[in-house]
Amino acid sequence: MTAQVHDCDICIVGNGAVGKAAALGFAQAGLRVAVLCRSAAPTPVSADWDVRVFALNHVAHTLLSSLKVWDALDLQRVAPVTEMQVKGGNAPEDGQLGFDAYGARSEELAWIVEDRNLNHALDTAMKFAQNLTLVTGQAKQMQWQEDAAVVMLEDGASIKASLVVGADGSQSWVRGQCDIGLDYRSYGQKGVVTNFECEKPHHGVAHQWFVEKLGIIALLPLPGNRVSLVWSAPDTLADTLLREPLSALVARLEEYCLDVLGHLTPVLPEDIKAFPLTLMRPHSMIGQRVALIGDAAHVVHPLAGHGMNLGFGDVASLLELVKAREDHRDCGDARLLERYRRARKEEVFLMQMTTDGLARLFGSDLAPLRLARNVGLNLLNRLPVIKGKLISHAMGSK
Numbered sequence: 220m221t222a223q224v225h226d227c228d229i230c231i232v233g234n235g236a237v238g239k240a241a242a243l244g245f246a247q248a249g250l251r252v253a254v255l256c257r258s259a260a261p262t263p264v265s266a267d268w269d270v271r272v273f274a275l276n277h278v279a280h281t282l283l284s285s286l287k288v289w290d291a292l293d294l295q296r297v298a299p300v301t302e303m304q305v306k307g308g309n310a311p312e313d314g315q316l317g318f319d320a321y322g323a324r325s326e327e328l329a330w331i332v333e334d335r336n337l338n339h340a341l342d343t344a345m346k347f348a349q350n351l352t353l354v355t356g357q358a359k360q361m362q363w364q365e366d367a368a369v370v371m372l373e374d375g376a377s378i379k380a381s382l383v384v385g386a387d388g389s390q391s392w393v394r395g396q397c398d399i400g401l402d403y404r405s406y407g408q409k410g411v412v413t414n415f416e417c418e419k420p421h422h423g424v425a426h427q428w429f430v431e432k433l434g435i436i437a438l439l440p441l442p443g444n445r446v447s448l449v450w451s452a453p454d455t456l457a458d459t460l461l462r463e464p465l466s467a468l469v470a471r472l473e474e475y476c477l478d479v480l481g482h483l484t485p486v487l488p489e490d491i492k493a494f495p496l497t498l499m500r501p502h503s504m505i506g507q508r509v510a511l512i513g514d515a516a517h518v519v520h521p522l523a524g525h526g527m528n529l530g531f532g533d534v535a536s537l538l539e540l541v542k543a544r545e546d547h548r549d550c551g552d553a554r555l556l557e558r559y560r561r562a563r564k565e566e567v568f569l570m571q572m573t574t575d576g577l578a579r580l581f582g583s584d585l586a587p588l589r590l591a592r593n594v595g596l597n598l599l600n601r602l603p604v605i606k607g608k609l610i611s612h613a614m615g616s617k
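Adding 219 to a residue's 1-based position in the sequence shown gives its number in the working numbering.
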């Protein structure tokens, strides 16, 4: 029996939200796409609130709208962020910085979307996409030919493509096959996530506290009087938060949010999760007939909520360049991939430096640094031009 060969223009390895968006974009552009995933089962729908959420910016919104995915979301479960309040702590002398949509000449700064809601909408769109094939299996090896890359599967099948897109996460198999080096550092923190009902309306405001020795506490608005917690906590504290009853976590949070949100109540069924926080810088986003996107290409600290946005930015850039390529270039042409690398270099580097720098600055308990950062926050809050540029960058505007 002859092993099956899937012949296509683009092979997407990975089945997360960024990979699905890339697959849809290329398929809608008329290219033949194969998505390699371990399971073809769609994301299940649930009435429960997902504790993993993303703050999607305008780049993500534009991309998902162009793919006709945004309107396929359950929009009753999507919360617009109209304002963000950042505080250097909880004392009156601590610095404070505020952003609002009005100042950015927009109706929203971002949108809070549950992971399950996002992936279900993408799965639904993929079911109706032409030129798109889901291939279930486990990748074994990559081989290169003059005009193609071939992904060999453990069951003997293979996928032959002009371009292989590595969308397979921070431990990317595709990246490893290309021998792309990696700079890695653990922050010694975990992101602790769960959801609460709040006594007072949040009015679409996202709150973030940088707390000495405790990490970064973010409470993001969800529809109704609900908020999503993302606490970037030192490992020891994170382990404690996971062991404690949620009532103890509520007591810790209310030290910071009681005035603005009132008392918190865990959303039922109670659920709390954690994931390790790292900084990962692959030495390149491209290889021979390979482009990396999403966490395969970069992992940043989640304090600004931009990991997913960077991934969608990768998709938008690669999709634009592939569609605009000259007639004599195929999708995996080396010059085309170099254009992609250059197009993403600045934004990715700036986001890595910004998030890493802020994590280090606000993670320090040195008194001079505490004073400097509090003064800096207050000063920045009084400089509308610079603050406006920061807002535009966070929103994904040029």
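Backbone N, C-alpha and C define an ideal beta-carbon position, used for all residues, glycine too.
Residue(s) in a DSSP beta bridge with residue i
| i | result |
| --- | --- |
| residue 319 | 302 |
| residue 450 | 411, 436 |
| residue 333 | 272 |
| residue 417 | 483 |
| residue 427 | 305, 437 |
| residue 225 | 378 |
| residue 637 | Residue 637 cannot be examined here, being either before or after the span of the chain that is shown, 220 to 617. |
Distance between beta carbons of residue j and residue i, contact taken as under 8 Å
| i | j | result |
| --- | --- | --- |
| residue 241 | residue 534 | 5 Å |
| residue 328 | residue 300 | 5 Å |
| residue 387 | residue 249 | Contact flag wrong, Cβ pair sits at about 25 Å. |
| residue 302 | residue 449 | Their Cβ separation, rounded to whole angstroms, is 17 Å, which puts residue 302 and residue 449 out of contact at 8 Å. |
| residue 430 | residue 255 | With 8 Å as the limit, residue 430 and residue 255 do not qualify as a contact, their Cβ atoms being about 42 Å apart. |
| residue 473 | residue 482 | 7 Å |
Contact check, residue i vs residue j, beta carbons under 8 Å
| i | j | result |
| --- | --- | --- |
| residue 484 | residue 518 | no |
| residue 505 | residue 530 | no |
| residue 367 | residue 380 | yes |
| residue 378 | residue 393 | no |
| residue 456 | residue 468 | no |
| residue 243 | residue 278 | no |
| residue 409 | residue 494 | yes |
| residue 446 | residue 417 | yes |
| residue 574 | residue 490 | no |
| residue 266 | residue 442 | no |
| residue 251 | residue 228 | yes |
| residue 411 | residue 452 | yes |
| residue 269 | residue 335 | yes |
| residue 435 | residue 522 | yes |
| residue 330 | residue 275 | yes |
| residue 499 | residue 273 | no |
| residue 253 | residue 341 | no |
Best match in the options for proximity to residue i [C-alpha to C-alpha]
| i | options | result |
| --- | --- | --- |
| residue 352 | 239, 338, 472, 467 | 239 |
| residue 478 | 226, 575, 419, 492 | 419 |
| residue 304 | 427, 367, 252 | 427 |
| residue 525 | 571, 364, 459, 493 | 571 |
| residue 294 | 262, 333, 260, 261 | 333 |
| residue 515 | 398, 465, 421, 458 | 398 |
| residue 510 | 527, 487, 562, 545 | 562 |
| residue 402 | 396, 345, 389, 409 | 389 |
| residue 564 | 306, 501, 417, 384 | 501 |
| residue 375 | 223, 551, 556 | 223 |
| residue 444 | 343, 373, 480 | 480 |
| residue 539 | 559, 522, 554 | 559 |
| residue 263 | 339, 438, 470, 231 | 339 |
| residue 357 | 476, 547, 259 | 259 |
| residue 280 | 319, 326, 245 | 326 |
| residue 439 | 536, 454, 315, 421 | 421 |
| residue 554 | 520, 225, 508, 306 | 508 |
Unbroken beta strand (DSSP E) run spanning residue i, endpoints
| i | result |
| --- | --- |
| residue 371 | 367–372 |
| residue 500 | 492–501 |
| residue 355 | 351–355 |
| residue 250 | Careful: residue 250 lies outside any beta strand (DSSP E) and carries neither H nor E. |
| residue 511 | 509–511 |
Min CB distance residue i to chain B below 8 Å
| i | result |
| --- | --- |
| residue 430 | Within the model displayed, chain B is absent; a lone protein chain is all it includes. |
Residue i: first and last residue of the uninterrupted alpha helix (DSSP H) it sits in
| i | result |
| --- | --- |
| residue 361 | No alpha helix (DSSP H) holds residue 361; the beta strand (DSSP E) holding it covers 358–364. |
| residue 277 | 277–285 |
| residue 245 | 236–247 |
| residue 533 | 526–542 |
| residue 395 | 392–396 |
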